[in-house]
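Here is the structure we will look at, set down as structure tokens.
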Amino acid sequence: MKEELKIILSGVGGQGLILSGTLLGEAAVVYDNKNATLTSSYGVETRGTFTKSDLIISDDNINYTEIVKPDVVLAMAQVAYDKYVKVLDENTTLIYDSSLVFETIESRARQCGIPITDMAKEMGNVTSANIIACGIIVKMTNIVALNSVIDAIKDIFSHKPKVLDLNLNAFNKGIEVVQMNNFYYE
């Protein structure tokens, strides 16, 4: 496992990407005794405009919070994919939601298309796509312990038992898809 991982979570407003960054950051800091920073940006509208969260998780101090060279980029919408695909290098893994990204191009980055939103729909709730994506990222990179993320999910959703169960199942679905397809971060 790398000592530091720089992750960009991108898509459109309403997909829960800021929550995903918060969840992974909490897992790292509270349960894995690591350092983490999270910066987010989004359009003035709450839904449908480009949004992103930059998450850095490190065993050491983090001196600069802006991500210049990401290790992992999650693109949950075509606009997000288009923004990053041409500028990433061979050291970046680009995970894109093949349910929502239809036009792909060659890139120097390693690309993994996974139908994240379709998987969430099959589970009965499209809003869990962001948590499936968290499971995918955590299992691919091993940047935080799986149990740490499960504990963070329990912290955030403990007051809503049905939502808690949905999100635990979604997280496990993300882990499962990585294991079944042998998608691992290099």
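Numbering (numbering that gives the first Met the number 0), first residue to last: 0 to 185.
Positions of the beta carbon are idealized from the N, C-alpha and C atoms, including for glycine.
- If you draw a straight line from the Cα of E3 to the Cα of T50, it is about 23 angstroms long.
- Nearest in C-alpha terms to E105, of all of K161, D70, D81 and I66, is D81.
- According to DSSP, Q14 shares a beta bridge with no other residue.
- Note that the segment 168 to 181 touches the segment 125 to 139; at least 3 beta-carbon pairs, one per stretch, sit closer than 8 angstroms.
- In summary, V177 is buried, with 16 or more beta-carbon neighbours lying within 10 Å of its beta-carbon over all protein chains present.
- DSSP places N146 within a helical segment (H, G or I) once states are collapsed to three.
- For the set A119, V143 and G12, the Cα lying nearest the Cα of T48 is the one of G12.
- For L73, the enclosing beta strand (DSSP E) stretches over residues V71 to A74.
- Judged by beta-carbon spacing, S9 lies within the 8 angstroms limit of A74, meaning their Cβ atoms are closer than that value.
- Remark: three or more beta-carbon pairs, one from each stretch, lie closer than 8 angstroms, so the segment 113 to 126 and the segment 92 to 102 are flagged as touching.
- Rounded to whole angstroms, the gap between the alpha carbons of K153 and P160 is 9 angstroms.
- If you look at I130, you'll find it in the alpha helix (DSSP H) that goes A128 to T140.
- Beta-bridge annotation (DSSP): D96 is paired with I113.
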